[in-house]
Amino acid sequence: MKKRIIYTTIGLCSVILLSACSASKSNDNSKSNKQLTVAVDKLYVKYMNDIKKDFEKENKIKLNVKVVDQSDVITNLPTDGPTGAGPDVLMAPYDRVGGLSTDGHISEIKLKNSDQYEEKLKQLVTIDGKIYGAPNVIETLVLYYNKEFLKGAPKTFEELEALQNDPKYSFETEKGKNTAFLANWTNFYFAYGLTAGYGGYAFGENGTKASDIGLAANDSQKALEYAKQWYDTWPKGMQDTTKAGNFVKDQFLSKKTAAIIEGPWVAASLKEAKLNFGVSEIPVLPNGKKYSPFAGGKAWVVSNYSKNKKASEKFISFVTSFENQKKFYDSTQEIPATTKAREYALDQKNELTTAVIKQFNSSKPMPNIPEMAEVWGPSATMYFDAVSGKKIPQNAIRDALKTIKDTIEQKYGKN
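Numbering (our numbering), first residue to last: 1197 to 1611.
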């Protein structure tokens, strides 16, 4: 009888303890689901504050906005995430989505507004058939031109070539050199549009097949040959791979060049300098094809370490709605990714917005597989070797291909 009482007492205690533990876990989850931490760059703080109250009211979830540099939050996610110090939701460039997903740092999501995205954008956040982010911003390179020098945007590269005959673009300290048009083509991000315009590509099968490297495909050798023609007329400073980007911008700001290829992110500094500039699509190449730069931008992603994945997806659905994408554009002037919101942005008749949207139509999705990291350096060297005369274009391409293939095989195994 005593044994039965003891066992019964133990059983009751066990039930009570289990119930308490269960309640505790339930309360933790409940508390966790009622708040969400979103990390954003300081550029987006105003926008987040504009939509924060509506999200909290609509979802009964407290939104904590953490202001942190975008590159820092991505770099620190592998260490901050497991300790609980990382955010639930963050913004990541499309070319980082692949690495973050394959390394297990971000979570697969359901794209609630999928019908509002074109296939190109879905491709940028899809890895092995799974979606790891919601496209938020589109970016690509465009042409900036000085309206004091040019009445309208050049339509062809032949028009840019003709500007070299004007003595006002002569480079003072180097006889026979000029800065009528400049592009930082020893940086492969800028040069890719040239390679793609002549039929080259980074990886086959829409950027997913790492064993198919297309730097030598079709007429891509002619891209290097054409680039060398320009470098033969440019000052030596354009071959300084560490300073060429600043040189291009400085020459444009000081009104010593008529046109440059750059990204939408430089517009603010040009406005601040009170430069009378225009923005357009990049001119058509000598082969009659469009310059096809990378399609870039940023996506909302969910940390794989988040305990609030359902709440995180609610936020992503909320923030990518038509109304909130409109607010995003109005607040930041960055171009929203959803089709309907992009149409709204286009209706605002902003020259930069129009140029980026039009150029985006001919852009190529940047591969988001991890192997893309091995392409940048050798491809930049390929262009430098060709335009500097260190190697003939054919050999520059051959050597770049070998370096990329060998590195991919060493790091990732055979594809």
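Glycine residues also receive a C-beta, built at the ideal position from the N, C-alpha and C atoms.
At the level of alpha carbons, what is the spacing between residue i and residue j?
| i | j | result |
| --- | --- | --- |
| K1452 | W1381 | 19 Å |
| R1594 | T1404 | 21 Å |
| E1252 | H1301 | 26 Å |
| G1280 | I1270 | 15 Å |
| F1367 | S1450 | 12 Å |
| P1331 | D1311 | 12 Å |
| M1562 | K1318 | 12 Å |
| A1517 | D1291 | A small fix is needed here, since residue 1517 is Ser in this sequence, not Ala. So the two alpha carbons sit approximately 23 Å from each other. |
| L1481 | E1354 | 8 Å |
| K1521 | Q1231 | Just to set this straight, residue 1521 is Gln in the shown sequence, not Lys. Distance between the alpha carbons of Q1521 and Q1231 is about 22 Å. |
| V1321 | G1295 | 11 Å |
| G1585 | E1370 | 18 Å |
| T1352 | W1426 | 15 Å |
| D1237 | Q1266 | 5 Å |
| E1605 | D1324 | 19 Å |
| K1249 | L1259 | 8 Å |
| Y1608 | T1549 | 39 Å |
| D1408 | G1400 | 5 Å |
| N1500 | E1509 | 12 Å |
| K1373 | A1412 | 30 Å |
| N1402 | G1410 | 11 Å |
| D1543 | D1526 | 12 Å |
| K1439 | D1446 | 11 Å |
| E1458 | M1287 | 22 Å |
| A1398 | M1568 | 8 Å |
| Q1555 | K1486 | 9 Å |
| S1297 | K1326 | 10 Å |
| P1363 | L1597 | 40 Å |
| E1357 | M1434 | 17 Å |
| D1268 | K1308 | 28 Å |
| N1245 | T1429 | 50 Å |
| A1406 | P1566 | 9 Å |
| Y1328 | V1241 | 24 Å |
| L1346 | T1437 | 29 Å |
| N1272 | N1361 | 51 Å |
| K1470 | S1303 | 44 Å |
I'd like to know whether the C-beta atoms of residue i and residue j end up nearer to each other than 9 Å.
| i | j | result |
| --- | --- | --- |
| F1384 | V1571 | yes |
| F1448 | P1431 | no |
| P1460 | I1512 | no |
| P1574 | I1600 | yes |
| G1474 | N1342 | yes |
| G1396 | N1414 | yes |
| N1564 | V1293 | yes |
| P1479 | P1350 | yes |
| I1305 | V1462 | no |
| V1333 | A1491 | no |
| P1278 | D1299 | no |
| E1344 | N1472 | yes |
| N1483 | Y1540 | no |
Near residue i, which residues of its chain fall below 6 Å by C-beta distance, leaving aside the five closest residues on each side in sequence?
| i | result |
| --- | --- |
| S1465 | none |
| P1289 | K1494 |
| L1420 | A1582 and P1589 |
| A1392 | S1488 and K1560 |
| S1476 | L1339, A1349 and A1551 |
| K1587 | D1581 |
| S1502 | D1284 and S1508 |
| A1537 | F1518, Q1521 and K1522 |
| L1337 | I1457, G1459 and P1489 |
| D1276 | G1282 |
By Cβ distance, which residues of its chain are closer than 7 Å to residue i, with the 5 residues on each side in sequence left out?
| i | result |
| --- | --- |
| L1359 | Y1365, A1376, F1377 and A1454 |
| T1603 | E1570 |
| Q1417 | P1589, Q1590 and I1593 |
| G1441 | N1380 and N1383 |
| Y1243 | K1523, F1524, S1527 and T1528 |
| K1316 | A1491 and P1561 |
Who are the near neighbours of residue i in its chain, counting only those whose CB is closer than 8 Å to its CB and skipping five residues on each side?
| i | result |
| --- | --- |
| I1247 | F1514, V1515, N1520 and K1523 |
| Y1254 | Strictly speaking, residue 1254 in this sequence is Glu, with Tyr absent from that position. The answer, listed in chain order, is F1514. |
| A1423 | W1381, A1387, L1390, Y1579, A1582 and V1583 |
| T1535 | Q1312, Y1313 and E1314 |
| N1546 | Q1529 |
I believe residue i touches residue j by the beta-carbon criterion, under 8 Å. Please report the beta-carbon distance rounded to the nearest angstrom.
| i | j | result |
| --- | --- | --- |
| Y1340 | I1456 | 5 Å |
| V1261 | V1234 | 6 Å |
| L1239 | T1528 | 6 Å |
Against chain C, with Cβ distances strictly below 9 Å, would residue i count as a contact?
| i | result |
| --- | --- |
| G1395 | Reference to chain C is not applicable here, since this structure consists of a single protein chain. |
- Item | beta strand (DSSP E) segments (min. 3 residues) lying fully within the segment 1506-1592 | none
- Task: Entirely within the segment 1450-1492 and at least 3 residues each: give me those beta strand (DSSP E) ranges in chain order.
- Result: 1455-1458 and 1473-1476
- Message: Restricting to runs no shorter than 4 residues, where is the alpha helix (DSSP H) found entirely within the segment 1318-1398?
- Response: 1353-1358 and 1384-1393
- Message: In chain order, what are the residue ranges of uninterrupted beta strand (DSSP E) at least 3 long that sit wholly in the segment 1255-1329?
- Response: The segment 1255-1329 contains these whole beta strand (DSSP E) runs: 1258-1263 and 1285-1289.
- Just list the beta strand (DSSP E) runs in the segment 1416-1451, keeping only unbroken ones of 3 residues or longer that don't cross its boundaries, in chain order. Listed in chain order, there is nothing to give.
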